[in-house]
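Trainee: For the record, the sequence lines run as chains F and H.
In case it helps, the working numbering puts the first sequence at residues 69 to 408.
In case it helps, the working numbering puts the second sequence at residues 18 to 282.
Starting off with a structure, shown below.
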Amino acid sequence: MTLDVRAWVVWLFAGGLLAILTSNPFYLILLLIISRLVEYACASHIPQQWRLPFWRIAIVILFFSTLFNALTAHFGQTSLFALPAQWPLIGGDITLEAAVFGFLNGLRLITLLSFFLAFNSIVPASQLAGLTPRALHEIGLVLLIAITYIPETIGQYRRIRDAQAIRGYRMRGWRIWHPILIPLLISGLERALNLSETMVARGYGSTTNVSMPARARAAMLAGLLLTLAGALRLVWGGLDGWALIAIGGLAIAGAYLDLSRQVSRTQYYDRRWSLTATWVVNGALIALGILLVSRRSLNYSPYPDLTAPPFDTWIGAAILGLAVPAIIILFRKPAIEVPA
Amino acid sequence: MRSKALSFALYVVAAMIGILALAYPFLIVAFAPLGIGDGSASTTATPLLTTLLVSLCLAVLLVELQGQAAGAKTVAALGIMVAATSTLRFIEVGIPGPGGFSPIFAPIILGGYVFGARFGFLLGAMTMLVSAVITAGVGPWLPYQMFTAGWIGLTAGLLPHPSHGRAEIFLLIAFAFVWGFFYGAIMNLYTWPYFSGDATTTWAAGIGVGDSIRRYAAFYLTTSLVWDSAAALGNVILMAAFGLPTVRALTRFHGRMQYQAWQAS
Numbered sequence: 069m070t071l072d073v074r075a076w077v078v079w080l081f082a083g084g085l086l087a088i089l090t091s092n093p094f095y096l097i098l099l100l101i102i103s104r105l106v107e108y109a110c111a112s113h114i115p116q117q118w119r120l121p122f123w124r125i126a127i128v129i130l131f132f133s134t135l136f137n138a139l140t141a142h143f144g145q146t147s148l149f150a151l152p153a154q155w156p157l158i159g160g161d162i163t164l165e166a167a168v169f170g171f172l173n174g175l176r177l178i179t180l181l182s183f184f185l186a187f188n189s190i191v192p193a194s195q196l197a198g199l200t201p202r203a204l205h206e207i208g209l210v211l212l213i214a215i216t217y218i219p220e221t222i223g224q225y226r227r228i229r230d231a232q233a234i235r236g237y238r239m240r241g242w243r244i245w246h247p248i249l250i251p252l253l254i255s256g257l258e259r260a261l262n263l264s265e266t267m268v269a270r271g272y273g274s275t276t277n278v279s280m281p282a283r284a285r286a287a288m289l290a291g292l293l294l295t296l297a298g299a300l301r302l303v304w305g306g307l308d309g310w311a312l313i314a315i316g317g318l319a320i321a322g323a324y325l326d327l328s329r330q331v332s333r334t335q336y337y338d339r340r341w342s343l344t345a346t347w348v349v350n351g352a353l354i355a356l357g358i359l360l361v362s363r364r365s366l367n368y369s370p371y372p373d374l375t376a377p378p379f380d381t382w383i384g385a386a387i388l389g390l391a392v393p394a395i396i397i398l399f400r401k402p403a404i405e406v407p408a
Numbered sequence: 018m019r020s021k022a023l024s025f026a027l028y029v030v031a032a033m034i035g036i037l038a039l040a041y042p043f044l045i046v047a048f049a050p051l052g053i054g055d056g057s058a059s060t061t062a063t064p065l066l067t068t069l070l071v072s073l074c075l076a077v078l079l080v081e082l083q084g085q086a087a088g089a090k091t092v093a094a095l096g097i098m099v100a101a102t103s104t105l106r107f108i109e110v111g112i113p114g115p116g117g118f119s120p121i122f123a124p125i126i127l128g129g130y131v132f133g134a135r136f137g138f139l140l141g142a143m144t145m146l147v148s149a150v151i152t153a154g155v156g157p158w159l160p161y162q163m164f165t166a167g168w169i170g171l172t173a174g175l176l177p178h179p180s181h182g183r184a185e186i187f188l189l190i191a192f193a194f195v196w197g198f199f200y201g202a203i204m205n206l207y208t209w210p211y212f213s214g215d216a217t218t219t220w221a222a223g224i225g226v227g228d229s230i231r232r233y234a235a236f237y238l239t240t241s242l243v244w245d246s247a248a249a250l251g252n253v254i255l256m257a258a259f260g261l262p263t264v265r266a267l268t269r270f271h272g273r274m275q276y277q278a279w280q281a282s
């Protein structure tokens, strides 16, 4: 499904924030299922071998998180067994509540990871590079060169390896990598010099040299000083530190806007906001609305005695707003094939 | 002159915020006295706050540094070196090394050492960004990775350049070994406040600076030392095997990249 990348950013923000702030296992499992479903429905263009083995990673995280907390936290009422008290760190009662708490921490982490993996799988790298602010145009250029040259670097590596194999080199031990990695580095840097000459020949850097305006630098400095003051204020217990950090962030954003105005960027493809994108954003905003209406009901703690977590149908229904992309794919009319 | 002073002030304040953000779990006492500190709220708020601080810092440093490295040769060399280093991370995701070993830090150190601190910072930060994009590793941990890898490249650029080859390689090996542990210790700070468990190893809102450092040291020794040892030893092996030939190759290109034709007056 081709959607404006900004709609996916809103979807990711809503899902990621809910995953961080929720400790209720029912809502976390719902969020996890939704993020997996959306990835499977919308990221069909990514070859399977390029995807990270999510479930394998998830099982490892859940296992170690549960084990670590069960062994090191000795709180809770339901003792499963006890280790000798003289054992440092892990000695004492191993409780069911501590194991559940560790499991919930792991579940929260893998839900967050799942949303980011879905976003990475759905949005192509070129569109992600397109999100680079115009103020960072050189950084954006480096990003694009790097993404473009990665397949070329892998191809060059294969060519050098084949050439060395023809000369009789055998790929055994780490010392044998010398005749491959050093030519790979040198040929890469030769390409960089060629590329820079091509860039200059096509006009890169030929416009009037515009240095960064002093007001943008001053705004960034003011923003950083306010942020520093806000962070220190929070260390000493002042809640107004958040306000100072927010103002600092706005000053830095202002400097970015100022710098972006000096850079014009052209686009090969026209980005159009579609009705589907509006639906995806609305679904994400409905899910985010939970934080405003009923933030406390997202919390759950297994301590001191394990109880069943509550489940509110309305909150569950609101979380389903994040599943809009998968639902749209499910109910989308098949494309009409036009005979050639 | 005013521009240089502003630029210097930006670096100093950004470095201070970066250090403060990374040291935040040791310093924070803000939430408990304000009635928010029931533990869970602080556990959520502290990582969010530090991510915000690191991101703001990174936003300023990137825009400031790119302006000083904007020549076509630098941009192209940076792009190609980022591509090569990111490819190594791509291979690492496919074939994971032992423990925390990663092949990407040796090229970042060598790039910073030869091309200078600014190039090193950008190489480290951009390598993390690009490799995260291609390996689906974009997440709230990314600003930390960018910032810390940027520091690796930046500090490598500040190293002295001994004229004797043996001294040079020993210096680079020692530097890579130390950063193998430092990188892990800094990156742990992002997740440490999330952990709960034994009071001698976990973070809690309102504890003092000394107690926080003691708890973190215990946590690091029990959970990360062995993992990071693999990273440090891997760095040493890579640096011993490829350090000097890579430095020679990069130095040759550094000279060619600095060549500039000027119109005779």
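C-beta atoms are modelled at their ideal positions from N, C-alpha and C, and glycine is treated no differently.
(1) So, for Ile-53 (chain H): in the same chain, excluding its five sequence neighbours on each side, which residues have a beta-carbon less than 6 angstroms away from its beta-carbon?
(2) Counting only beta-carbon atoms, is Val-253 (chain H) nearer than 8 angstroms to chain C?
(3) How would you list, in chain order, the residues of chain F whose beta-carbon sits under 8 angstroms from the beta-carbon of Ile-34 (chain H)?
(4) Nearest-angstrom Cα distance between Tyr-371 (chain F) and Ser-189 (chain F)?
(5) Would you check if there are 3 or more beta carbon pairs closer than 8 angstroms linking the segment 177-185 of chain F to the segment 81-89 of chain F?
(6) What are the residues that DSSP puts in a beta bridge with Phe-149 (chain F)?
(7) Is the beta carbon of Arg-229 (chain F) sitting closer than 8 angstroms to the one on Ile-248 (chain F)?
(8) If you drop the 5 nearest sequence neighbours on each side, which residues of the same chain put their C-beta closer than 6 angstroms to that of Thr-67 (chain H)?
(9) Runs of 4 residues minimum, wholly inside the segment 108-163 of chain H: which ones carry the alpha helix (DSSP H) assignment?
(10) Determine the chain H residues that contact Val-268 (chain F) at a beta-carbon separation under 7 angstroms, and present them in chain order.
(11) What residues of chain F sit near Thr-263 (chain H), judged by a beta carbon separation below 9 angstroms?
(12) Taking 8 angstroms as the CB-CB cut-off, is Leu-100 (chain F) touching chain H?
(13) Count the other CB atoms within 10 Å of the CB of Asn-173 (chain F); is the residue buried (16 or more) or exposed (fewer)?
(14) Roughly how many whole angstroms lie between the Cα atoms of Tyr-200 (chain H) and Ile-102 (chain F)?
(15) Sorted by chain position, which residues of the same chain lie with C-beta nearer than 7 angstroms to Gly-167 (chain H)'s C-beta, five sequence neighbours on each side aside?
(16) Listed in chain order, which residues of the segment 199-217 of chain F have Cβ atoms closer than 7 angstroms to some Cβ of chain H?
(17) Using only alpha-carbon positions, find the residue among F:Ala-233, F:Leu-99 and F:Ala-167 that is nearest to Phe-131 (chain F).
(18) The ligand FAD and Ala-269 (chain F): does any heavy atom of the ligand fall closer than 7 angstroms to the residue's C-beta?
(19) Less than 7 angstroms between C-beta atoms, sequence neighbours within five positions excluded: which residues of the same chain meet that for Trp-341 (chain F)?
(20) From the beta carbon of Leu-105 (chain F), is the nearest beta carbon of chain H less than 8 angstroms away?
(21) Let me see if you follow: with CB-CB separation under 8 angstroms, is Tyr-368 (chain F) close to chain H or not?
(22) Ignore the nearest five residues each way along the sequence and tell me which others in His-142 (chain F)'s own chain have a CB closer than 6 angstroms to its CB.
(23) Could you work out which residue in F:Ile-222, F:Ile-397, F:Val-210 and F:Leu-252 is closest to Phe-107 (chain H) when comparing CA atoms only?
(24) Suppose you measure from the CA of Ala-134 (chain H) to the CA of Gly-198 (chain F); what does that come to, to the nearest Å?
(25) Where does Arg-231 (chain H) sit, in a helix, a strand or coil, going by DSSP?
(26) Tell me which residue opens and which closes the alpha helix (DSSP H) that Ala-376 (chain F) is part of.
(27) The alpha helix (DSSP H) that contains Val-253 (chain H), what's its start and end?
Mentor: For this structure:
(1) With a pLDDT of 43 at Ile-53 (chain H), under the threshold of 50, the modelled position of that residue is not reliable, and the figure given next carries that caveat. Once the five neighbours on either side are set aside, Ile-53 (chain H) has no close Cβ partner at all.
(2) Structure shown: chain C not included; protein chains present are F and H.
(3) Contacts between Ile-34 (chain H) and chain F, judged by CB atoms closer than 8 angstroms, involve Leu-292, Thr-295, Leu-296 and Ala-299 in chain order.
(4) 37 angstroms
(5) yes
(6) For Phe-149 (chain F), which the question treats as bridged, DSSP gives the partners F:Ile-162.
(7) yes
(8) Ala-38 and Tyr-41
(9) 122-132 and 134-151
(10) Ala-89
(11) Leu-249, Ile-250 and Leu-253
(12) no
(13) buried
(14) Going by the C-alpha atoms only, they are around 34 angstroms apart.
(15) Phe-138, Gly-141 and Ala-142
(16) Ala-203, Leu-204, Glu-206, Ile-207, Leu-209, Val-210, Leu-211, Ile-213, Ala-214, Ile-215 and Tyr-217
(17) F:Ala-167
(18) As presented, the structure is devoid of all ligands, the ligand FAD included, so that no description of it is given.
(19) Asp-72
(20) no
(21) no
(22) Gly-160 and Asp-161
(23) F:Ile-222
(24) 27 angstroms
(25) helix
(26) Ala-376 (chain F): not part of any alpha helix (DSSP H); DSSP gives it neither H nor E.
(27) 242-275
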